[in-house]
Amino acid sequence: MRQTFLSVGLTLLLLCSAGITSAFEIEDRARFGPEGDGPVLRIISTADTGFFEPMIVSYLAENPGLAVDYVVASSTELMQAIANQEAPFDIAISSAMDLQTKLANDGRALQHTSPATRTLPDWAAWNNMLFAFTEEPAAIVASRAAFADRRFPQTRHELIEVMRNEPERFRGRVGTYDVRESGLGYLFATQDTRASETFWRLAEVLGALDAKLYCCSSDMIEAVKSGELLIAYNVLGSYVANRKDIAEFEIILPTDFTTVMLRTALIPANAPSPDLSRDFVDHMLTRSYGPDSKPLVDPRLGLPGTDTALNRIEIGPGLMVFLDQLKRQAFLNEWENAILQDE
Amino acid sequence: MNRTKESVPPSKGSIRRRLLLSLLLGASVLTVGVYFMILSVARQVAQESQDNVLSASAISILDSARYAGGEIIVDLPYSALSMLDSVSDERVFYAIRMEDEFLSGYRDLPEARPDADGRITFRSRPFLGEDVRIATLRRPLSTDVGRQFLQVSVAQTLTGQQQIVTRVSRTSFAVGVGVFALLVLLAGVIARSTIRPLDRLTASVSRRGPEDLRSVTAPVPSEMVPLVASLNRLMGRLKTSLERSEDFIAEAAHRVRTPLAIVRTKAEIIGRKSQDPHTRAAIDEMIHAIDESSRTAGQLLDHAMVTFRLDNLSMERIDLAQLTMNAVERAHPLSEIKGVSITTHSSAPAWIHGDPILLQNALQNLLDNAMKYAPTGTHVKLDIVVAEDTAILCITDDGPGFPQPEFEILTERFSRGPNAKDIVGSGLGLTIVREVMEAHRGEMETKNSSGGGACVRLSFPLA
């Protein structure tokens, strides 16, 4: 089954010949379904192909004859692509809720209402433009091998304590997002500051230990796996949970509060086939909510005995506050002061 | 029979309907007016509450601004934008400017005209494809180059406002429908109660007996006073004219009968004195003609009287058996002369509604007929039977019966059977009977009984 749908995963090299005249940078591209001149649903997404594949496969199973063109880009590239309408896409999926909100707010998204959208919980949709279909927590990910019989920190306070107690052990072996580079990292960091002052203390400690900075969750996970990092802060728990080698990692959802990102989809205003878009959005929503749902990610990640304070990020114009250039500059200054204190 | 021709004037329009229509028209205008008034108030209130939120947002942004180290620092509060989205999902825009220099937000966002006194101003404009409400507020800041104005514009789409208006419009529509239904009900009641005095007057006039031509004295609404006054005058005139015609009938009967009786008496005396058989024969013929005229005059007057009474029927509760007995008694002298025996048979009183004078007259005519056409020695039998809801009077004799075959035409006015050649009569007898029966909603059946004699069957509804 799978091989028939997943025909080719093209790499960056092949993309130039694929005909997208793009000013934005593409990380990956895959085509599902039959080749040829049939109808094509064009998705641009920040989610890794493997992560999102089940959704596409299930959709194509219901709609034979349809093909899906799946393009992966970073959240800022995606934002640029949709905002400047550089290339036409039918669906834009991003984890950067703030950027998605700004796109919708600026009128770059079509409104969509259907029986599926009407049954959504209030927090899962905004203005009939943005539709959340996953809940993905920001987790602390640690290497089981490195911690061995030590106790894993359960809160940010405990994380600070653990690192302070053994600075030599952790120096250069802790990691987090480079918020200047990653939209999701910036979102997690700003939401952390809204929830608690602890974030700044944690940033100070991370900075003092020469924390390594990463563009993406998957890089951090690889670094933890390779032993380069002992612990990584604000990693997308869903990416770890979907791995086969999950046993090597300890996923910690902090019990003081766990920021939960909602991955959202929108229909770009210049979607070439908006009817297909609407149908696909409905498919995503019915698959993610309701009695027969098969969500891509369980917000508790299927962990036994997780009793965390899930703090869902609210979709809405409040998210645009940290996109304000003055505000963003002020935040980045403060962050740099904390993390890059030696440089 | 002009008695049955009711004088109903052609009707044009209806006061009740006209009243109802105008009330309903008023109600609909009122309902629609109230609907739009509620809607306009709702829109105003929604607009005001939106303006309040916008102004709170603008103030919170301005409050977060300070001037430090030679530059403007605006620490945009999270709530400044999230509060605009708290009730309904709204697209939100803002722009921050220092004098003419754009600092942050949406560069192209239009501004409301700044107020010289520093009060907040509002404006509705389309922006990025949707109508938005914009609030603009400014605040002076002391800077190195002197006092400068920091100006903040905050804008919000109208989703929430439209939701409120839609909801209120739905509610006020329901209220409108309810109020309208109530007004319709009320209009019906009002129309009916307005018409009621007319109905009451109609009822009281039509309830009156035939001789009751008194003026209407019950109080009526002022609008109806002229009508009732005219009606009263008309009835007065009618009463006078009726009295006059009753007098005329009595007078005519008197004036015709008395001279005829005198002429007959004189003729008899002359006949008795005369020895000449030719003269006596002529006198006999004369007496016969006088009798015929006298009887015709009598029956014509009877018929005129009956016709008059039929138009002014006075219904009383009377016993048919007693009435019959009285009639038989009155016919007794004549029956003795003719040698006809009459027997009456009734088991119980038979109460009916009727005009005793008319009924008496009808019976008289029947008995007269029986005696006139029956040969000497005939036996006439009257039976009164009460069956279910009818009282039946059955008159049979053992005479020759009704002549065949013209039997149906006997009750036509002035028609006489072929056996009546030698007998004094006008042909009005059975006509009177039939008219009286019709006026009493009774039935009359004439036939020959199987034994050969005539049989007349009168049935009346019981009282």
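Protein chains in written order, with the numbering used here: chain L, 43 to 385; chain S, 81 to 543.
Note that beta-carbon positions come from the ideal geometry of N, C-alpha and C, so glycine has one too.
In three-state DSSP terms, what is residue i?
i, result
"residue 539 of chain S", "strand"
"residue 74 of chain L", "strand"
"residue 236 of chain S", "strand"
"residue 399 of chain S", "strand"
"residue 88 of chain L", "coil"
"residue 135 of chain S", "helix"
"residue 368 of chain S", "helix"
"residue 297 of chain S", "coil"
"residue 94 of chain S", "coil"
"residue 226 of chain S", "strand"
"residue 203 of chain S", "strand"
"residue 351 of chain L", "coil"
"residue 106 of chain L", "coil"
"residue 366 of chain L", "coil"
"residue 208 of chain S", "coil"
"residue 63 of chain L", "Residue placement at residue 63 of chain L is flagged as unreliable, the pLDDT there being 48, under the threshold of 50; a coordinate-derived value is accordingly withheld."
"residue 244 of chain S", "helix"
"residue 346 of chain S", "helix"
"residue 477 of chain S", "strand"
Please return the same chain residues whose Cβ sits closer than 7 Å to the Cβ of residue i, not counting the five positions on each side in sequence.
i, result
"residue 75 of chain L", "47, 102, 108, 109, 110"
"residue 520 of chain S", "434, 540"
"residue 147 of chain L", "359, 362"
"residue 243 of chain L", "202"
"residue 177 of chain S", "183, 231"
"residue 318 of chain S", "293"
"residue 154 of chain L", "170, 309, 320, 323"
DSSP beta-bridge partners for residue i?
i, result
"residue 168 of chain L", "L:172"
"residue 466 of chain S", "S:471"
"residue 433 of chain S", "S:397"
"residue 217 of chain L", "L:254, L:274"
"residue 182 of chain S", "S:177"
"residue 142 of chain L", "DSSP output for residue 142 of chain L lists no bridge partner at all."
"residue 421 of chain S", "S:459"
Which chain S residues sit within Cβ distance under 7 Å of residue i?
i, result
"residue 168 of chain L", "169"
"residue 367 of chain L", "184"
Quick one: residues in its chain with C-beta nearer than 8 Å to the C-beta of residue i, no 5 flanking neighbours on either side, listed in chain order?
i, result
"residue 91 of chain L", "51, 70, 72, 112, 114"
"residue 260 of chain L", "90, 281"
"residue 193 of chain S", "201, 203, 216"
"residue 85 of chain S", "Residue confidence is low: residue 85 of chain S scores 47 on pLDDT, short of 50, so the model does not pin down where it sits. No coordinate-derived value is stated."
"residue 332 of chain L", "161"
"residue 374 of chain L", "221, 222"
"residue 428 of chain S", "401, 466"
The ligand SAM and residue i: does the residue's C-beta get closer than 7 Å to at least one heavy atom of that ligand?
i, result
"residue 170 of chain L", "As for the ligand SAM, it is missing from this structure, which has no ligand bound."
Quick one, which of the options has its alpha-carbon nearest residue i's?
i, options, result
"residue 535 of chain S", "S:542, S:517, S:518, S:480", "S:480"
"residue 188 of chain S", "S:95, S:319, S:207, S:238", "S:207"
"residue 483 of chain S", "S:273, S:454, S:475", "S:454"
"residue 542 of chain S", "S:129, S:147, S:467", "S:467"
"residue 274 of chain L", "L:104, L:189, L:319", "L:189"
"residue 352 of chain L", "L:367, L:370, L:292, L:297", "L:297"
"residue 277 of chain S", "S:211, S:412, S:390, S:307", "S:307"
"residue 242 of chain S", "S:167, S:180, S:262", "S:167"
"residue 459 of chain S", "S:532, S:438, S:440", "S:532"
"residue 210 of chain S", "S:173, S:417, S:185, S:220", "S:173"
"residue 238 of chain S", "S:300, S:131, S:421", "S:131"
"residue 423 of chain S", "S:512, S:469, S:394, S:478", "S:478"
"residue 336 of chain S", "S:220, S:115, S:382, S:120", "S:382"
In chain S, which residues lie with their C-beta within 8 Å of the C-beta of residue i?
i, result
"residue 362 of chain L", "161, 172"
"residue 359 of chain L", "161, 162, 164, 165, 170, 171, 172"
"residue 147 of chain L", "171, 172, 173"
"residue 372 of chain L", "153, 155"
Just to make sure I have the definition right: I need the residues of chain L whose C-beta is within less than 8 Å of the C-beta of residue i. Which are they?
i, result
"residue 210 of chain S", "149"
Taking residue i as the query, report the chain L residues whose CB atoms sit under 9 Å from its CB, ordered along the chain.
i, result
"residue 115 of chain S", "Under the 9 Å cutoff, chain L gives no residues; its nearest Cβ is about 27 Å from residue 115 of chain S."
Can you pull the chain L residues whose beta carbon is under 7 Å from the beta carbon of residue i, in chain order?
i, result
"residue 158 of chain S", "236, 360, 363"
"residue 154 of chain S", "368"
Once the 5 residues before and after residue i are set aside, which same chain residues still bring their CB inside 6 Å of it?
i, result
"residue 63 of chain L", "Bear in mind that the predicted position of residue 63 of chain L carries a pLDDT of just 48, short of 50, making it unreliable; the figure below should be weighed with that in mind. Correct list: empty, nothing qualifies."
"residue 295 of chain L", "179, 181, 348, 350"
"residue 100 of chain S", "267, 271"
"residue 140 of chain L", "229, 361, 365"
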